[in-house]
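J.: Have a look at this one.
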Amino acid sequence: MVFLDKILFIIVTYKIKYYEAHSYISLKESFLSSNSKYDEKLNIFIVDNTDIDGWDLSSYLEQDENVKVVYNKLNNPGLSYAYNRGAEFAKSNGFSWIVLLDQDTELPLNFYVEYRKATENDNNTLIKVPITLINKERILSPVKYIFFKSYLYENLDAGIMELKKNSFINTGMLINTDFFIRTGGYNEKIKLDFTDHDFIYKCKKTINNFEVMDVKLIQDFSSETNNQDQAKKRYKFYLRDLKEFKKNKDNRFLLFLNADFFRLVKLTIQYKTIDFIKIRFSL
């Protein structure tokens, strides 16, 4: 039985006060704008991955009669760990669906209503995703995903799609809680990169389709920096996750070509240094 009012929104934050995150603010706005339609609470599970000494926002929880926030302070064990803890909480507390959200995702006013409608839609799809845009017009997710390489869609309509040759990012994903638990959730050895593709790779073994909802989110990357030192640090994290992602995957050569080699070439050209080559072959 699906409890229609049992949706848990999981927001993972890093080095930002959760109540200042784009996703948190726009989620509340969307919920409050729909309050006349649904007599229920907004349930938010915050996972704060900020690894700064003394950082703890548990005494600053925003609670009111319409919003319930559960705050968890972790020492940055990664996205996968955070999502799994949220899903376990959802399972233990009777939430039939979970929604994964990044801190930098902007949600439209119709977000809450459309997600509620999606849980009521009895079309047997266990994963439902929005259309996520970058620069407010270019489709970032879902994507065609063939041999570990993403190809952006020019146009995309709401409806049922085949999962086999597609993939999508974490943020905005609406997942049936029981299905999430049955798949084993996210691989906690993968901290950041490939968390989404690895989870979807597992899902493809048991389901064939997913639903694209008539909702458009905006992903904001303006907070990301691109100086060379940070790029090198980021690349080390990327290689760490790639090493784990490679395990038990078919077409290892194409995975190397599309996810490893081309990334190395791109960074080497972009920053005009062989340091990335040194990093690649030192790990």
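Here the sequence shown stands for residues 1 to 283, where the numbers follow the UniProt record's numbering. All C-beta atoms in this analysis are idealised placements derived from N, C-alpha and C, irrespective of residue type, glycine included.
1. Could you work out which residue in I25, L74 and T119 is closest to L101 when comparing CA atoms only?
2. Mapping the DSSP letters down to three states, classify E65 as helix, strand or coil.
3. For L4, which three-state DSSP category applies?
4. P108 and S30: beta carbons closer than 8 Å?
5. For L267, name the three-state secondary structure that DSSP assigns.
6. Compare the C-alpha of F256 against each of F148, D122, K165 and K17 and name the closest.
7. Do G172 and T125 come within 8 Å of each other at the CB atom, strictly closer than that value?
8. Have a look at F3 and F95 and give me their C-alpha separation to the nearest angstrom.
9. What residues are listed by DSSP as bridge partners for T13?
10. Could you check where the beta strand (DSSP E) with K128 kicks off and where it finishes?
11. Are the CB atoms of Y115 and I7 nearer to each other than 8 Å?
12. Just curious, the beta strand (DSSP E) that Q219 is in, first and last residue?
13. Roughly how many angstroms lie between the CA atoms of M1 and D53, to the nearest whole one?
14. Look at I44 and V12 and say whether their C-beta atoms are less than 8 Å apart.
15. Throw me the rounded Cβ distance for the Y235 and L192 pair, which I believe falls under 8 Å.
16. Closer than 6 Å by C-beta to D5: which residues in its own chain qualify, once you throw out the five before and the five after it? Chain order, please.
17. Look up E106 in the DSSP assignment and give the residues it is bridged to.
18. Leaving aside the five residues before and after residue 284 along the sequence, list all residues of the same chain whose C-beta is less than 8 Å from its C-beta, in chain order.
19. Tell me, which residues are paired with V143 by DSSP?
20. Whose CA, out of K243, K246, D229 and N155, lies closest to the CA of D275?
21. What is the DSSP secondary structure of E137, reduced to helix, strand or coil?
22. On the DSSP bridge assignment, give the partners of L192 in chain order.
23. Run the CB neighbour count on R138, radius 10 Å, all protein chains shown included, and call it buried at 16 or more, exposed below.
24. So, helix, strand or coil for S176, using DSSP?
25. Kindly confirm or deny that the stretch 179 to 195 and the stretch 161 to 168 touch, where touching means at least three C-beta pairs closer than 8 Å.
26. Does DSSP classify E88 as helix, strand or coil?
T.: On the basis of the coordinates in this document:
1. In the sequence shown, residue 101 corresponds to position 101, counting from 1. The residue with the shortest Cα to Cα distance from L101 is I25.
2. Here residue 65 is taken as the residue at index 65 of the sequence shown, counted from 1. If DSSP states are grouped into helix, strand and coil, E65 belongs with coil.
3. For the purposes of this step, residue 4 is taken as the residue at position 4 of the sequence shown. Note that L4 scores a pLDDT of 44, beneath 50, so its modelled location is shaky and nothing firm can be said.
4. For the purposes of this step, residue 108 is identified with residue 108 of the sequence shown, where counting begins at 1. For the purposes of this step, residue 30 is identified with residue 30 of the sequence shown, where counting begins at 1. Yes, the Cβ-Cβ distance between P108 and S30 is below 8 Å.
5. Residue mapping note: residue 267 aligns to position 267 of the sequence shown, counting from 1. In the structure shown, L267 sits in a helix (DSSP, three-state: H, G or I).
6. Mapped onto the sequence shown, residue 256 falls at position 256. For the residues F148, D122, K165 and K17, the minimum Cα distance to F256 belongs to F148.
7. Taking the sequence shown and counting its residues from 1, the one referred to as residue 125 is at position 125. Taking the sequence shown and counting its residues from 1, the one referred to as residue 172 is at position 172. No, the Cβ-Cβ distance between T125 and G172 is not below 8 Å.
8. Within the sequence shown, residue 3 is the residue found at index 3, counting from 1. Within the sequence shown, residue 95 is the residue found at index 95, counting from 1. Caution applies to F3, whose pLDDT of 42 falls short of 50 and renders its modelled position unreliable; the model cannot decide the point.
9. As a position in the sequence shown, residue 13 is number 13, starting the count at 1. D48.
10. Counting from one through the sequence shown, the residue named residue 128 turns up at place 128. K128 -> beta strand (DSSP E) spans I127 to I134.
11. Walking along the sequence shown from the start, residue 115 turns up at place 115. Walking along the sequence shown from the start, residue 7 turns up at place 7. For Y115 and I7, yes; Cβs fall inside 8 Å.
12. Along the sequence shown, one-based indexing puts residue 219 at 219. Looking at the DSSP string, the run of the beta strand (DSSP E) that includes Q219 is N209 to Q219.
13. Within the sequence shown, the letter at position 1 stands for residue 1. Within the sequence shown, the letter at position 53 stands for residue 53. Residue confidence is low: M1 scores 38 on pLDDT, short of 50, so the model does not pin down where it sits. Its coordinate-derived value is still stated next. So the two alpha carbons sit approximately 44 Å from each other.
14. Reading the sequence shown from its first residue, position 44 is the one you call residue 44. Reading the sequence shown from its first residue, position 12 is the one you call residue 12. Not a contact, by the Cβ cut-off of 8 Å.
15. Along the sequence shown, read from residue 1 onward, the residue named residue 235 stands at position 235. Along the sequence shown, read from residue 1 onward, the residue named residue 192 stands at position 192. Their Cβ separation, rounded to whole angstroms, is 12 Å, which puts Y235 and L192 out of contact at 8 Å.
16. Taking the sequence shown and counting its residues from 1, one reaches residue 5 at position 5. Because the pLDDT of D5 is 49, which lies under 50, any placement of that residue in the model is unreliable, and the number read from its coordinates should be weighed accordingly. Contacts found: E40.
17. Mapped onto the sequence shown, residue 106 falls at position 106. Answer is I218.
18. Nothing about residue 284 can be reported from this structure: the residues present for the chain run from 1 to 283 only.
19. Taking the sequence shown and counting its residues from 1, one reaches residue 143 at position 143. Paired residues: L152 and S167.
20. Stepping through the sequence shown from its first residue, residue 275 is reached at position 275. The shortest Cα separation from D275 among K243, K246, D229 and N155 belongs to D229.
21. As a position in the sequence shown, residue 137 is number 137, starting the count at 1. Coil at E137, not helix or strand.
22. To locate residue 192, count along the sequence shown from 1; it is residue 192. The partner list for L192 (beta bridge, DSSP) is empty, contrary to what the question assumes.
23. Within the sequence shown, the letter at position 138 stands for residue 138. The residue is exposed, with fewer than 16 neighbouring Cβ atoms inside 10 Å.
24. Your numbering for residue 176 matches position 176 in the sequence shown. Rather than Ser, the amino acid found at residue 176 in this sequence is Asn. Here N176 sits in strand by DSSP.
25. no
26. Here the question's residue 88 lines up with position 88 in the sequence shown. E88: helix per DSSP, three-state reduction.
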